[in-house]
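Working notes for the structure below.
There are 2 protein chains.
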Amino acid sequence: MGITERKERQRAELREHIVQVARDMVMKEGFGALSMRKLADAVEYAPATLYLHFENRDAIARELCVRGFQELLAMLEPAADVKDPVQRLSRLAEAYVAFGLEHPETYRLVFMEDPKLSAALFQDKHEGAGPKSFALLVRAFEDLKAAGRALDATPSEQLAEVFWAGLHGIISLKLTCAGFQGAPAQALAETLVATLVHGPKSSRRSR
Amino acid sequence: MGITERKERQRAELREHIVQVARDMVMKEGFGALSMRKLADAVEYAPATLYLHFENRDAIARELCVRGFQELLAMLEPAADVKDPVQRLSRLAEAYVAFGLEHPETYRLVFMEDPKLSAALFQDKHEGAGPKSFALLVRAFEDLKAAGRALDATPSEQLAEVFWAGLHGIISLKLTCAGFQGAPAQALAETLVATLVHGPKSSRRSR
DNA sequence: CCAATAAATGAACGGCGTTCACCGAACGGT
DNA sequence: ACCGTTCGGTGAACGCCGTTCATTTATTGG
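Each protein sequence line maps, in turn, to chains A and B. Position 8, counted from 1, in the first sequence is what full-length UniProt numbering calls 8; the numbers after and before it change by one each time, with no gaps. Position 147, counted from 1, in the second sequence is what full-length UniProt numbering calls 147; the numbers after and before it change by one each time, with no gaps.
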């Protein structure tokens, strides 16, 4: 009949529109400023209408989390293709930091708000976006080890976790404890890379 | 006259009581669950009465931030007295992580909520508790350099910032993205220390 | 043109932070 | 001993919030 298809499409479009407007609000004023009533106002529907498309506010937040993380992943991917593992780590760090600084409110939402909101990203060891991007890092450290430039006694997974934690710490301290760090985030990230990369070859090279 | 003194003391005691009850609520249910009305209920006063002692909810949060940070500092201090800089860093990391895991809601409040709440801790380069404890780390890295066990080309301040960021990243990822990290926080912290400590002497030693 | 189905809504509930006019008790001066 | 003042304390209200549900409005298939 085609008419139910059209309805379904319109329904999906409205849902998408709601998400987009919500995304704008979060990026502009932060997740805390996202209210169902203001969102309803912005899309020109009654508040109750939102509940026809989302279970509740958290469901919208979860959707935004997924998209935010995908954006981050998209920024990491080019860096992950660099062949030299040392440079790859540098580029990954640079991209991660750039994302955090350019999209602070998105970063906050994904990594610093309620675990409930981002939980979906970090389970399913072999499906979710979280583990998938984490694997990029593990691979980088394995390649680094193959080149004899990493702590050999430590599992690559653990090095990757420390690396991610280091980057996350740099960004999130900047976002929450502004002015605590003196050095710019990119410089700290470079230092982080330098400490994780060891070995004989000229290891100090900034970009 | 002594009567105004008594009044002042009672006033201070009530204020203190309010802070303590608020602290309990935050530690038990998180900062998000701290509401002026529930707090008023818990101390058995009307909500409006709280405003005779605090400008607003944020003022209470700021007070809790200061105290939370002092608790953290108290846990760091013994570790800061260790003579050997390598062991000192280990102990500092261990203490920091322990605090974060034992007081997750306090940690969240101080380091992961609105910058407004913790701002007071991180300004006043030579007075605030933040810079003061940061100085502990800088000193540790200076001692480390003196022993020839740190990246000499990098300023101690920057190494300290990376160190703190690394610890913060480990804790805060655990708190927000539970299950993302496979390894326990203490193990990651050890690895972090190992990567920041270089040099000839037996550098791999876990505690 | 009507019955059925789906979309959208207004109004309400309970909770929130915050303000302010008001009350009662304790106080200092006489 | 009385009285005006001062001050800790409060009830009620304002404007927000998320969420629910009975009801209305629009759209569809017969």
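Cβ atoms here follow ideal geometry from the backbone N, Cα and C, with glycine treated the same way.
Can you tell me which of the three DSSP states arginine 149 of chain A falls into? Under the three-state reduction of DSSP, arginine 149 of chain A is assigned to coil, being neither helix nor strand.
Of all Cβ atoms in chain B, is any one closer than 8 Å to the Cβ of cysteine 177 of chain A? Interface residue, yes.
Helix, strand or coil: which one does DSSP assign to histidine 17 of chain A? Three-state DSSP puts histidine 17 of chain A in a helix.
Residues of the segment 160–176 of chain A in Cβ contact with chain B at a cutoff of 8 Å, in chain order, please. From the segment 160–176 of chain A, only Glu161, Val162, Trp164, Ala165, Gly166, Leu167, His168, Gly169, Ile170, Ser172, Leu173, Leu175 and Thr176 have a Cβ closer than 8 Å to chain B.
Between aspartate 152 of chain A and glutamate 77 of chain B, what straight-line distance do the alpha-carbon atoms span, to the nearest angstrom? When rounded, the separation of the alpha-carbon atoms in aspartate 152 of chain A and glutamate 77 of chain B is 33 Å.
Using 8 Å as the threshold, is the C-beta distance between leucine 137 of chain A and alanine 160 of chain A below it? With contacts defined by Cβ atoms closer than 8 Å, leucine 137 of chain A and alanine 160 of chain A form a contacting pair.
Residue environment, isoleucine 60 of chain A, which counts as buried when at least 16 other CB atoms sit within 10 Å: The residue in question, isoleucine 60 of chain A, is buried, as its Cβ has 16 or more Cβ neighbours within 10 Å.
Contact under 8 Å by Cβ, serine 42 of chain B with methionine 25 of chain B: This sequence places alanine at residue 42 of chain B; serine is not what is there. In contact: alanine 42 of chain B and methionine 25 of chain B (Cβ atoms closer than 8 Å).
Against chain A, with Cβ distances strictly below 8 Å, would glutamate 157 of chain B count as a contact? Yes, its Cβ sits closer than 8 Å to a Cβ of chain A.
With the cut-off set at 8 Å, would you say leucine 167 of chain B and glycine 169 of chain A are in Cβ contact? A Cβ-Cβ contact shorter than 8 Å links leucine 167 of chain B with glycine 169 of chain A.
Does threonine 154 of chain A come within less than 8 Å of chain B when only Cβ atoms are used? Judged by the 8 Å Cβ criterion, threonine 154 of chain A is in contact with chain B.
List, in order along the chain, the chain B residues whose C-beta lies closer than 9 Å to that of phenylalanine 111 of chain A? Contact annotation for phenylalanine 111 of chain A against chain B: Ser172, Leu173, Thr176 and Cys177 [CB-CB distance below 9 Å, chain order].
C-alpha gap between valine 82 of chain A and arginine 88 of chain A, whole angstroms: When the Cα atoms are used, valine 82 of chain A and arginine 88 of chain A turn out to be separated by approximately 5 Å.
Ordered along the chain, which non-local residues of its own chain (more than five positions away) have a Cβ less than 7 Å from that of valine 97 of chain B? Taken in chain order, the residues that qualify are Leu167, Ile170, Ile171, Ala185, Gln186 and Ala189.
Counting along the chain, where does the alpha helix (DSSP H) carrying lysine 174 of chain B start and finish? Note, lysine 174 of chain B: alpha helix (DSSP H), 156–176.
Determine the chain B residues that contact proline 115 of chain A at a beta-carbon separation under 8 Å, and present them in chain order. Neighbours of proline 115 of chain A on chain B, chain order: Leu175, Thr176, Cys177 and Ala178.
Hey, is glutamine 181 of chain B's beta-carbon within less than 8 Å of any beta-carbon in chain A? By this cut-off, glutamine 181 of chain B is an interface position.
With a threshold of 8 Å between beta carbons, is phenylalanine 122 of chain B in contact with chain A? It does; some Cβ of chain A falls within 8 Å.
Identify the continuous alpha helix (DSSP H) that holds phenylalanine 111 of chain A and give its terminal residues. Taken as a continuous stretch (DSSP letters only), the alpha helix (DSSP H) holding phenylalanine 111 of chain A covers 104–112.
Would you please verify whether the beta carbon of leucine 136 of chain B is less than 8 Å from any beta carbon of chain A? No, no contact with chain A.
For the pair the segment 101–114 of chain A and the segment 44–52 of chain A, tell me if three or more CB-CB distances fall below 8 Å. With fewer than three CB-CB distances shorter than 8 Å, the segment 101–114 of chain A does not count as touching the segment 44–52 of chain A.
Taking DSSP as the reference, what is the three-state secondary structure of valine 66 of chain A? Of the three classes helix, strand and coil, the one that applies to valine 66 of chain A here is helix, per DSSP.
Just mark serine 35 of chain A as buried or exposed, buried being the case when its beta carbon has 16 or more other beta carbons within 10 Å. Classification for serine 35 of chain A: exposed.
Same chain, Cβ closer than 6 Å to residue 209 of chain A, neighbours up to 5 away in sequence not counted: No statement about residue 209 of chain A is possible, as the shown extent of chain A runs from 1 to 207 and does not include it.
Return no unless some Cβ of chain B is closer than 8 Å to the Cβ of glycine 100 of chain A. No - not a single Cβ of chain B is within 8 Å of the one on glycine 100 of chain A.
Can you give the Cα-Cα distance for glutamate 8 of chain A and phenylalanine 54 of chain A, rounded to whole angstroms? Glutamate 8 of chain A and phenylalanine 54 of chain A have their C-alpha atoms spaced approximately 15 Å apart.
Taking alanine 194 of chain B as the query, report the chain A residues whose CB atoms sit under 8 Å from its CB, ordered along the chain. Within chain A, the residues near alanine 194 of chain B are Leu151 and Thr154.
Neighbour flag for leucine 188 of chain B against chain A, beta carbons, 8 Å: Closer than 8 Å: yes.
Beta-carbon neighbours of serine 118 of chain A, restricted to chain B and to distances below 8 Å: Correct list: Thr176 and Cys177.
Distance between alanine 74 of chain A and glycine 148 of chain A (C-alpha atoms, nearest Å): C-alpha separation (whole angstroms): 29 Å.
Could you check where the alpha helix (DSSP H) with residue 208 of chain B kicks off and where it finishes? Past the edges of chain B, shown from 1 to 207, lies residue 208 of chain B, and the structure says nothing about it.
So, does the CB of glycine 130 of chain B fall closer than 8 Å to a CB anywhere in chain A? Yes, its Cβ sits closer than 8 Å to a Cβ of chain A.
Could you name the residues of the same chain whose beta carbon sits closer than 7 Å to that of alanine 22 of chain A, not counting the 5 residues immediately before and after it, in chain order? Cβ within range, chain order: Leu34, Leu39, Ile60 and Leu64.
Please report the residue range of the alpha helix (DSSP H) in which aspartate 41 of chain B lies. Its alpha helix (DSSP H) spans residues 36–43.
Are the beta-carbon atoms belonging to arginine 130 of chain A and threonine 106 of chain A less than 8 Å from one another? The displayed chain sequence assigns glycine, not arginine, to residue 130 of chain A. Taking C-beta atoms as the reference points, glycine 130 of chain A and threonine 106 of chain A fail to come closer than 8 Å.
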